[in-house]
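Step one of this worksheet: look at the structure below.
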Amino acid sequence: MAVLPDESFRDSIATIDEEGNRKYIFPKKPSGKFYNYRKWLSYFLLIILVANPFIKINGNQFMMFNVLERRFNIFSFPFWPQDFYLFVLFMIVGVVFVILFTVIFGRIFCGWICPQTIFLEMVFRRIEYWIEGDRGAQIRLDKQEWNTDKIRKKATKWFIFLLISFFIANVFLAYLIGSDVLFKMIEDGPKGHLSTLISLLIFTGVFYFVFAWFREQVCIIACPYGRLQGVLLDNKSINVAYDFVRGEKENGRAKFNKQEDRATTGKGDCIDCKQCVHVCPTGIDIRNGTQLECINCTACIDECDTIMESVGLPKGLIRYASEDEIEKNEKFKFTTRMKGYSAVLFILVGILSGLLFLRAEIETSILRLPGQLFQHKGNNISNVYTFKIINKSNNEIKDVHFKLKDIKGTLNVVGKQNLMVPRQGMSSGTLFIEINKYLLESDKTKVEIEVYEGDELIQTTATNFLGPRSFD
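Written out as structure tokens, the structure reads:
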């Protein structure tokens, strides 16, 4: 009678035991070709991630996500609240790109590009290996009683983790409030910026909690992208995969024996050394197939290739491959589904590019003052308005004034007639418009107003002018 394979792993998480308690992961220190590639890519991305909020191009912070003031800079391109539709479209393009990337290459973003993985694997774990040693040493230290040696190592590690968490919190705050505001807070001291200081301490605590304790649980439990992966992947998607056809063969996996010819025994190439499990940062057994915990970090590929080389078997037992490639020996094809996502992405990028190209650097809005009716001034009708001029450029705009277009009348600004709008700033005020009642087409007439900088027309806007229903 055939023995059914154990499928219990699909109903549980590798980092949670049967009683629901956390099983702390002590992954083996990875090494190999893919790890070296990932390491250098991670260092490059870390430099970009840390430098982004402190780089300025044309006076604009390269990356800023100021939620409180609703001002965003993406690649030094400023987005005001009036540009929120562009920011949303920018985010949608990013989401569609990640979806397309996942459909083709699986969850490779998580293992190679995600800041959570980069900081955890390339910063915090490397410090942990340096202080506590590799997997075996960490397990022994964890079981060891709290003596001087354990206290020294743990305290040193936790203190360094706290310092790095504080540094990350400062960088994160620079993204949110701007690097200039952050530097001013440092110069002025914490007394005048208590709310910012409290935010900084909260962020420090969150990052310390995530990287010192919660760790891989972010990828498994908290990250929505991990759940999204399940509906995006199919048999055509390229993942970090175990070649079960080669690894199991007729008689399944078995320990390596130098005295036997493995090809004649019908045993698979997998020697059941479990090194792929020991090196996994989320604690899974890749031989069970694609799992939601897998972040495609390739640590198991490097480890398996090393073992295969040491026992004289071909590499690639664990490799980047689709299920169809392993089971049916089918080569990768760009499927209809992938073409559909690509078409959507191409259209969205085209729309975004067009909107960015047509985006005006000066935006003026003129609205009637709420609750105010028109006034009679002889044969003239007067309406009062508020105006707001937003300067999205990096140049100060001087000598700004308004003119009525295609209709006779007078337009007077309360206060200074010629305005100045600072770079990346705003100017607002009140103005009156008077028009002869016999020139009005109805009780609500659309009037166009030209905005000039000196003699140069920079924008034309429109508003409604209210008048009486009858002129008899």
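For the sequence shown, position 240 (counting from the first letter as 1) is numbered 240 according to our numbering, and the numbering increases by one without interruption.
Quick reminder that beta carbons are idealized off the backbone N, C-alpha and C, glycines included.
- Around the C-beta of Y85, fewer than 16 other C-beta atoms lie within 10 Å, and the residue is accordingly described as exposed.
- Across the set E434, F402 and K258, the C-alpha of F402 shows the shortest separation from the C-alpha of D455.
- In the structure shown, E448 falls within a strand segment according to DSSP collapsed to helix, strand and coil.
- Non-local beta-carbon contacts of Q138 in its own chain, meaning distances under 6 Å to residues more than five positions away in sequence, involve F26 and E132 in chain order.
- The straight-line gap separating the alpha-carbon atoms of A14 and R246 is approximately 25 Å.
- By the C-beta density criterion, A174 is buried, having at least 16 other C-beta atoms within 10 angstroms.
- About 7 Å separates the beta carbons of G59 and R423, which is inside the 8 Å limit, making them a contact pair.
- Taking a C-beta distance under 7 Å as the contact criterion, P78 and K392 qualify as a contact pair.
- One alpha carbon belongs to K339, the other to I99, and they sit about 12 Å apart.
- By the 16-neighbour rule on beta-carbons within 10 angstroms, W112 is buried.
- DSSP lists I390 as the bridge partner or partners of M426.
- By the neighbour-count definition (other C-beta atoms within 10 Å, threshold 16), R38 is a buried residue.
- Contact between T463 and L367 holds, with the beta-carbon distance rounding to 7 Å and staying under 8 Å.
- Closest in alpha carbon position to T410, among D243, S342, G205 and V384, is V384.
- For Q375, DSSP records a beta bridge to S382.
- Counting along the chain, P115 sits inside no beta strand (DSSP E); it lies in the alpha helix (DSSP H) bounded by residues P115 to F119.
- Using a Cβ distance threshold of 7 Å, G467 and I407 do not count as a contacting pair.
- Residue environment analysis places N73 among the buried positions, since at least 16 neighbouring C-beta atoms fall within 10 angstroms of its C-beta.
- In the DSSP assignment, the residues bridged to N464 are K446.
- Annotation: the continuous beta strand (DSSP E) that includes K398 extends over I397 to K405.
- Take the alpha-carbon of L232 and the one of I238: they are about 12 Å apart.
- Here V67 carries a coil assignment [DSSP, helix/strand/coil].
- Counting the other Cβ atoms within 10 Å of the Cβ of I449 gives 16 or more, which makes it buried.
- Beta-carbon to beta-carbon, V400 and Y452 are separated by about 7 Å, close enough to satisfy the 8 Å threshold.
- Boundaries of the beta strand (DSSP E) around F77: F77 to F79.
- Exposed is the label assigned to Q375, since fewer than 16 other Cβ atoms lie within 10 Å of its Cβ.
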